Amino acid sequence: QNQIAIWAAPINNWADLHLEYNIYKEYITQLIKYYKGFTKDTTLNKHVEIQKAVHEAISGKLQQPPSYPNDISENIQQILPFTLPIKNKAHTKAVVTALHHIYQFDQLPKEYIANLDPLPTNLANLHPAVRDLFPITDRNALEN
């Protein structure tokens with residue numbers, strides 16, 4: 006098993022990278038390839054193997070996200086594509102992708118998603134601005 010240790014200061018300060026994660030990984034891969042050529046190292050000859058080792062080394066340094074989104078530092082919150090907690094589910098993928106460059110997690114904590122107001126059970130209680138968006142008000146009309 007090959008061991009790669011990364012001591013560069015930027016690895017510990019993800020916010021300064023502005024989430025240019027893949028570019029940074031490729032930069033490290035190129036540095037290792039240069040070093041291997043300079044020292045005539047014959048281990049990990051394939052570019053893909055080096056990329057995998059770099060990815061594993063970086064992923065091993067990532068921490069778990071804070072329990073609550075308010076605990077995320079201001080620097081990181083500023084570079085996220087959308088504000089937390091997530092109010093629009095269409096924003097989830099972009100936020101999760103960005104957070105995966107900074108934190109290690111399998112599932113986004115439920116506290117990172119805002120609890121929205123439930124829809125009213127009676128259609129008459131809908132806000133007048135959206136009432137016309139729901140033309141079917143009688144369940145029996147669905148059969149037609």
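Counting from 1, position 82 in the sequence shown corresponds to residue 87 in the numbering used here; the numbering is continuous, with no gaps.
Don't be surprised by glycine CBs; every beta carbon is placed ideally from N, CA and C.
The structure presented is a predicted model; accordingly, all values stated were derived computationally and were not measured.
- Across the structure, L36 and N120 are spaced so that their CA atoms are roughly 46 Å apart.
- In terms of Cβ geometry, H96 and F110 do not form a close pair [threshold 7 Å].
- Taking E31 as reference, the option from I81, K57 and P123 with the minimal CA-CA separation is K57.
- Contact between the segment 100-115 and the segment 45-62 is not established, with fewer than three Cβ pairs separated by less than 8 Å.
- Only exposed fits P123, as fewer than 16 other CB atoms lie within 10 angstroms of its CB.
- Annotated three-state conformation of Y32 is helix, per DSSP.
- Between the alpha carbons of H132 and V53 lies a gap of roughly 55 Å.
- It is roughly 40 Å from the alpha-carbon of L85 to the alpha-carbon of T44.
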